Amino acid sequence: MNIVLLGYPGSGKGTQAKLLSKRKNFIHISTGDLFREEISKGSELGKKVSSYISSGKLVPDDLFLNVIREKIKDIKDNILFDGFPRTVEQAERLEDMLGEFSKTIDKVFFFEVNEAEVIKRISSRRNCPKCGKIYNLVTEPPKDGVLCDICKVKLVQRDDDKEDVVKNRIEVYKDLTAPLISYYRTQGIFVIIDATKNVEEVYSQIVSNL
Ligand code: AMP
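The numbering of the sequence shown is the numbering used here, which starts it at 17 and goes up by one.
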């Protein structure tokens, strides 16, 4: 089964994607994580995408869709797409790519939560720079306040989680990503998740629909 997690930045997709890949054997494809890794490696792709990410704009399709295609090609297990597709055009390209390898999207989980809530969540979101675990300083804080529970390294805030960039990311979501809601709704594979609930409750809603 191949699934897509769709929703505002900060709606909890990354947290659920990590849980699902750990507990249910999904291969997690996150375009945002992929770009951040390439930037930290200093690769050619990383250099090309960094200005888009730091300004909250979408990375142009022709810079990375072939990378996604190569990843999909070799995967035999279930795939979980997180943060991709982000436009109707990407959704169409994804369908074509999956079709080439006799795969399809089976379910799209839409994380329903309002804009004010995601802005609040993003401002208190911190990440472990080593293992990538995501914390919320208010609702899911690390045990000692500033260090990752697992790696014991100091948590960081993503540059694009800072206020001015977040505003752009939200606008980009409303203009370019939200149209995916009606695009997928008509396909009968669309599941609405109440993303205002806590991590385990959101997880249960997803698993009961797999
Ligand atoms: P995310 O971690 O999913 O919030 O993504 C962080 C940033 O990476 C976004 O604000 C975009 O600049 C870029 N990005 C991630 N996924 C995509 C995508 N599917 N298409 C274009 N740009 C993307």
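Note that CB positions come from ideal geometry on N, CA and C, so glycine has one too. Since this is a predicted model, take the numbers as computed values, not measurements.
Distance from the CA of K73 to the CA of N184, rounded to the nearest whole angstrom, comes to 7 angstroms.
Following the DSSP letters along the chain, one finds L21 inside the beta strand (DSSP E) bounded by residues 19-23. For S46, the enclosing beta strand (DSSP E) stretches over residues 43-46.
Between Y219 and L21, the CB-CB gap reaches or exceeds 9 angstroms. Inclusion of G26 and I138 in the CB contact set at 9 angstroms is warranted, their separation being smaller than that value. Put simply, the backbone Cα of R52 is about 27 angstroms away from that of T120.
Counting along the chain, F80 sits inside no beta strand (DSSP E); it lies in the alpha helix (DSSP H) bounded by residues 77-90.
Per DSSP, reduced to three states, the secondary structure at R137 is helical. About 5 angstroms separates the CB atoms of V104 and Y199; that is less than 8 angstroms, so the two are in contact. Per DSSP, K38 lies in no beta strand (DSSP E) segment; the continuous alpha helix (DSSP H) that holds it begins and ends at 29-39. Taking 9 angstroms as the cut-off, the Cβ atoms of L79 and L61 count as close.
The closest CA to that of T202, considering only K123, E156, V154, is found on K123. Counting every other CB atom within 10 Å of its CB across the protein chains shown gives A107 a total of 16 or more, marking it as buried. Put simply, the backbone Cα of A132 is about 32 angstroms away from that of L81. Leaving aside the five residues that flank Y24 on each side, the residues in its chain whose CB is nearer than 6 angstroms to its CB run, in chain order, V134, Y189.
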